[in-house]
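Protein chains in written order, with this note's numbering: chain A, 66 to 415; chain B, 92 to 793.
From the three backbone atoms N, C-alpha and C, an ideal C-beta is built for every residue, glycine too.
These numbers were taken from a predicted model, which means no experiment stands behind them.
Quick notes on the structure that follows.
In structure tokens form, the structure reads like this:
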């Protein structure tokens, strides 16, 4: 019974991944960057493609959608999981279309008329069976994985175009992408980095330590000092958790403050965001969770106190100057276009 | 036995890496072994009571799984089949679960000690394991504590047997309940526990000196720790429980280890975490605060909307002010959910309700104009209109009729009906179980549930409900905890536990009373000794008089008594004086006239003068003796006139010297009464006479 065995193994893997996602983000689980989450999701989806029982592209898409829904429900604040599911769905569509020998699927959003007429038919068409579809899809997912592996490097490579000598750069909190970006620039140029500490989690401290190890001149400032220091800053370079469809950001809290201060001083705000962080959602509002730090201070009156600890800020697109992704720099107004290239419009709600 | 030996040998040979790869095990005790949650836990074991609409044991299992436990032994006793059913249905028993759950049931467990002895007997644990109760809610990452524990064991050759996990939280924190308050003395460097004591509201604590004498030079005495009831144990712990069959609880164990540390060489360490959350739901007060903490997201990532149990339809949405709504919740017009509210699925709420800090279960119906504050409602509860509920627990299937008011700390157990038009006073517990059946069940408490349920049904039919207690349409009995049962202190009976005293007035009051208690306690042993000594002296003198014993022998006997009771010489003399002077009262009652008194006392003084002379030698002794005399006559103020005669006699018998008497007279007056005494005519004359005699003698001398 190798088939049943495989299936059990697969469900086990998925369950473990779900449990990890649920615990992720806080101290208890393994802490990962979103890049790693994206890679793991993709690898898991490849496994699903390889091991689940399906006969046509439609079946496969249904399976992927089902698993995708569970994964996104497990940790709604981790959008990369959902993004990767959408990417894989898009890949399946493309491969199916190629197997059928038509390339029209890829540029179907060109005319409104076509959208209206072909919408209902496409789903039925996925019922056709192709022998090589499985191999092709897996091949394409592998390509996606290689792309994911290289994203940070691709972004870091562009650093020298944006960072010049003797500039003062501000960043907030910790972002692996920004860290790589700055370190890459530091190989050739001398510049000064100011890091906002991003209380209460203070990821900024870690960022500053890492940067200073790479012999970059680094200063840590309190979040309250952001506005005061901004006048000296030449450029603000930040990371983000998600890039939303309208070109706005969902980023670590404090980012909105930085963005507003930068706008006030007309300092350019550059966002380093790999493509897998592009999410078709439009989100407003904040996600809350408290943290133990306030515990010690206010305990005697704690029963009467509510402690809220927002984790993410929404940054509107008009405050952002430039996105740097692994495929180059783009203005926020162009994000919607990238989005439509990455994801199929029919998949937007899983 | 042979297999065990083989395994151990193998373990020694294998490298350390492999040792670490052995699966982490946990022992989960899904029984509290007490009746704190009675009458609620009469129908449902405590581990299955819902906290934030999820059974408590699920929190514990999730905590264990997230810390990397791969094998859990769940020990159940009370209502074990219910727990078993629950676990078999849950995600923990799915084949894909990373944490393998073994359920072990037995009706014979009566304490934690029994469970651990069974662990040892069945040889279940091979390595360090985590010991928790089924009602612990925590998100602490114990992997670091585990690492420290293993490191210590590697370095110190298995000396450390247990690491207790504590959470830092200063006194007055609401998740600290007073009965669990502990004070811990520890070695700051090695984190070794030197002393562990429950404060139990005491204001004065004693530490044995020896804890400060050995070991390192840095100590901490901490009162800001909250016991999470999570402990990392080495396999020896189970063996130690087997060896010491009188260990019942973990407290017994900790105390035993600390006391016998030098003999057995075992040590206990602790691990203090700052930002995790860990608490044991040991009473309803804790239930209340842990439940609210959960809704306030302190236990992140175990939040209500995370649906970590993976149950269908349990998911809910989270919105501002910590308001959580399950699926299909309907909310009437004008109803407000102020903050920290969790509403389970399919619950409908009427119009103009006001809900804050509450948890409402699945399938509840709530009428119009209802006020809920810190209410904990479980599933299928019906609440009619115009009801007010404050800080109370309403269990499954309970019905609250119109215009009922539940004041603080009320409990409505399963299927109770209350009202209409009733106000339950603070702390009322209503249950379908009649309190009297409790006593009858006492002996077969651990019998199977079915029998018990059948039992109680018969009872409820027989007894009528009291409409004054539960309202005209009510069903249920007021539950009174029977005080006669169990060996535990009365605390154990109190469902809500000790309430922290927030108002300073009552605080100071209790403090005062405790202080006085303390004082009497600390002074009392001395007083007892002195009293006993006095009685003994009295007895000795009596015998001496009856049997005509020589005074030398009396002195000998008193001396030996002095050593036996550890009495100072000064006290001996005061007591002797007192005993002798009181002797007539002792023999003939207190109604003596002064004449009779002196008549019987003077011969006695003469008989015992050698005894006095033996003790009264230095000038100070004379003064002490005189002050004792004075004290006695101040008490017996009707006989003050006899004092002169006594002093005279003692002077004549050469027990007291005139100089001493004169000195006492001139200096000894310390308060009004003694001054009054000195104005006594007889005494004045006596002093006069003494002075003259002195003059004469001095003249004679010249």
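With distance defined between alpha-carbon atoms, name the residue in the options nearest to residue i.
| i | options | result |
| --- | --- | --- |
| residue 359 (chain B) | B:211, B:476, B:250 | B:250 |
| residue 461 (chain B) | B:415, B:454, B:481 | B:481 |
| residue 207 (chain B) | B:191, B:224, B:146 | B:224 |
| residue 294 (chain B) | B:570, B:285, B:272, B:276 | B:272 |
| residue 236 (chain A) | A:254, A:323, A:131 | A:323 |
| residue 245 (chain A) | A:272, A:256, A:266, A:230 | A:272 |
| residue 289 (chain B) | B:629, B:282, B:297 | B:297 |
| residue 374 (chain B) | B:745, B:348, B:124 | B:124 |
| residue 471 (chain B) | B:768, B:490, B:117, B:774 | B:490 |
| residue 379 (chain A) | A:305, A:401, A:397, A:326 | A:305 |
| residue 316 (chain A) | A:131, A:127, A:302 | A:302 |
| residue 375 (chain A) | A:309, A:142, A:159 | A:142 |
| residue 398 (chain B) | A:73, A:74, A:86 | A:86 |
Residue i versus chain B: which residues are under 7 Å apart at the beta carbon?
| i | result |
| --- | --- |
| residue 88 (chain A) | 157, 392 |
| residue 264 (chain A) | Going along chain B, no residue has its Cβ under 7 Å from residue 264 (chain A), so there is no contact; the nearest lies around 14 Å. |
Got a sec: is the Cβ-Cβ distance from residue i to anything in chain A below 9 Å?
| i | result |
| --- | --- |
| residue 188 (chain B) | yes |
| residue 598 (chain B) | Residue placement at residue 598 (chain B) is flagged as unreliable, the pLDDT there being 34, under the threshold of 50; a coordinate-derived value is accordingly withheld. |
| residue 310 (chain B) | no |
| residue 185 (chain B) | yes |
| residue 435 (chain B) | no |
| residue 488 (chain B) | no |
| residue 404 (chain B) | no |
| residue 613 (chain B) | Residue placement at residue 613 (chain B) is flagged as unreliable, the pLDDT there being 38, under the threshold of 50; the coordinate-derived value follows with that caveat. No, residue 613 (chain B) lies away from the interface with chain A (no Cβ there is under 9 Å from its Cβ). |
Would residue i pass as an interface residue toward chain B - the criterion being a Cβ-Cβ separation below 9 Å?
| i | result |
| --- | --- |
| residue 76 (chain A) | yes |
| residue 360 (chain A) | Confidence at residue 360 (chain A) is low in this model, with a pLDDT of 36, below 50, so the placement of that residue should be treated as unreliable; the coordinate-derived value is given next. Yes, residue 360 (chain A) lies at the interface with chain B (some Cβ there is under 9 Å from its Cβ). |
| residue 73 (chain A) | yes |
| residue 105 (chain A) | no |
| residue 219 (chain A) | no |
| residue 81 (chain A) | yes |
| residue 117 (chain A) | no |
| residue 84 (chain A) | yes |
| residue 138 (chain A) | yes |
| residue 415 (chain A) | no |
| residue 399 (chain A) | no |
| residue 402 (chain A) | no |
Strictly by DSSP, which residues pair up with residue i?
| i | result |
| --- | --- |
| residue 428 (chain B) | B:446 |
| residue 479 (chain B) | B:462, B:496 |
| residue 286 (chain A) | A:261 |
| residue 310 (chain B) | B:278 |
| residue 408 (chain B) | B:416 |
| residue 324 (chain B) | B:220, B:253 |
| residue 117 (chain B) | B:163, B:221 |
Could you name the residues of chain A that residue i contacts, counting a contact when the two beta carbons are closer than 7 Å?
| i | result |
| --- | --- |
| residue 164 (chain B) | Those do not exist, as residue 164 (chain B) stays about 21 Å from chain A at its closest Cβ, beyond 7 Å. |
Can you pull the chain C neighbours of residue i, defined as C-beta to C-beta under 8 Å?
| i | result |
| --- | --- |
| residue 146 (chain B) | Among the chains of the structure shown, chain C does not appear; the protein chains present are A and B. |
Determine the chain B residues that contact residue i at a beta-carbon separation under 9 Å, and present them in chain order.
| i | result |
| --- | --- |
| residue 371 (chain A) | 387, 412, 413, 430, 431 |
Run down chain A in chain order and give the residues with a C-beta less than 8 Å from the C-beta of residue i.
| i | result |
| --- | --- |
| residue 397 (chain B) | 87 |
inquiry  = Beta carbons nearer than 9 Å to chain B: which residues of the region 317-338 of chain A have them?
reply    = none
task = Mind checking the region 415-432 of chain B against chain A and listing, in chain order, the residues whose C-beta falls within less than 9 Å of any C-beta there?
result = 430, 431
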